[in-house]
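Numbering (this note's numbering), first residue to last: 656 to 856.
Just so it is clear, CB atoms sit at the ideal spot from N, CA and C, and this is done for glycine as well.
Notes to accompany the following structure.
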């Protein structure tokens with residue numbers, strides 16, 4: 656059996672008023688923070704089951720005593736002034752020791768360990784694996800080599816990120832495989848849809 660890909664998990668430090676700002680506009684900062692903490696917990700539970708090496712990258716500072724067990728997650732700090740640079744730097748660091756690397760955030764409560772395992776296996780055959788999000792971005796990106804172009808010239812908050820990334824892959828002549836489309840949680844409506852779905856844990 657092939658070794659599992661290294662997993663990068665990007666999270667924001669849960670600070671009142673600095674997470675899920677779109678939700679906060681309608682539900683308030685406290686509700687937005689509570690939703691974000693629940694999203695982190697749902698993500699953490701799935702990541703724990705994943706048997707590959709796991710790396711947790713914090714946005715602002717490393718929290719050594721939170722719910723993410725330091726014996727299971729190698730804790731690091733994101734670096735760079737936009738999301739693209741932060742992802743590129745994280746991939747570059749992990750590719751120094753790993754042949755396959757996957758990155759996720761904590762915005763997709765529908766993400767399961769099976770998605771991570773599937774992406775890892777697919778990277779044996781494809782150069783890239785993408786988990787497309789309904790909003791036009793992606794909830795997962797897997798690579799078997801650093802492709803800096805994927806992290807450049809993107810408006811990361813826009814609905815064109817996935818489209819632009821697929822164009823990059825085609826122009827780079829890289830093979831890729833798409834996972835199923837899942838929904839990220841960016842609004843109170845999307846959170847309520849999750850609560851009403853069969854995926855709620």
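State the start and end residues of the unbroken alpha helix (DSSP H) segment that holds residue i.
i	result
residue 739	738 to 750
residue 687	684 to 704
residue 713	First-last for residue 713: 709 to 713, but that is the beta strand (DSSP E), not the alpha helix (DSSP H).
residue 847	843 to 851
If you follow the beta strand (DSSP E) that residue i is part of, which residue opens it and which one closes it?
i	result
residue 832	831 to 833
residue 771	First-last for residue 771: 768 to 777, but that is the alpha helix (DSSP H), not the beta strand (DSSP E).
residue 732	729 to 732
residue 758	756 to 759
residue 662	661 to 666
Would you report the Cα separation of residue i and residue j, rounded to the nearest angstrom?
i	j	result
residue 763	residue 779	25 Å
residue 703	residue 819	32 Å
residue 848	residue 692	17 Å
residue 634	residue 854	Lying before the first or after the last residue shown, residue 634 is absent from the chain, which here runs from 656 to 856.
residue 721	residue 712	13 Å
residue 814	residue 728	31 Å
residue 726	residue 715	21 Å
residue 738	residue 811	7 Å
residue 664	residue 699	9 Å
residue 836	residue 789	6 Å
residue 656	residue 676	At residue 656 the pLDDT is 43, less than 50, meaning the model places this residue with poor confidence; the figure from the coordinates comes in the next sentence. Straight-line Cα distance between these residues: approximately 43 Å.
residue 875	residue 824	Because the chain is modelled from 656 through 856, residue 875 falls outside the range shown and cannot be assessed.
residue 681	residue 844	10 Å
residue 710	residue 851	31 Å
residue 678	residue 765	18 Å
residue 668	residue 826	36 Å
residue 752	residue 673	33 Å
residue 670	residue 846	19 Å
residue 767	residue 793	15 Å
residue 828	residue 684	44 Å
Is residue i near the ligand ZN, with its Cβ less than 7 Å from a heavy atom?
i	result
residue 778	Looking at this structure, you won't find the ligand ZN or any other ligand, since it has none at all.
Less than 8 Å between the CB atoms is what I'm expecting for residue i and residue j, so what's the real figure, rounded?
i	j	result
residue 666	residue 695	6 Å
residue 661	residue 749	5 Å
residue 706	residue 777	Actually they do not touch by this definition, with Cβ atoms about 16 Å apart.
residue 741	residue 801	Not confirmed; about 14 Å, so no contact.
residue 791	residue 822	Not really, about 13 Å apart at Cβ, beyond 8 Å.
query = Between the region 787 to 799 and the region 750 to 760, do at least 3 Cβ pairs fall closer than 8 Å?
reply = yes
task = Say whether the region 770 to 790 touches the region 827 to 845, bearing in mind that this needs 3 or more beta-carbon pairs closer than 8 Å, one atom from each stretch.
result = yes
query = Are there three or more Cβ pairs, one per stretch, closer than 8 Å when the region 802 to 809 is compared with the region 836 to 854?
reply = no
inquiry  = Does the region 682 to 689 come into contact with the region 733 to 747, if we say contact requires no fewer than three beta-carbon pairs (one atom in each stretch) closer than 8 Å?
reply    = no
inquiry  = Ignoring anything shorter than 3 residues, give me the beta strand (DSSP E) runs that lie fully in the region 781 to 832, in order along the chain.
reply    = 783 to 787 and 793 to 798
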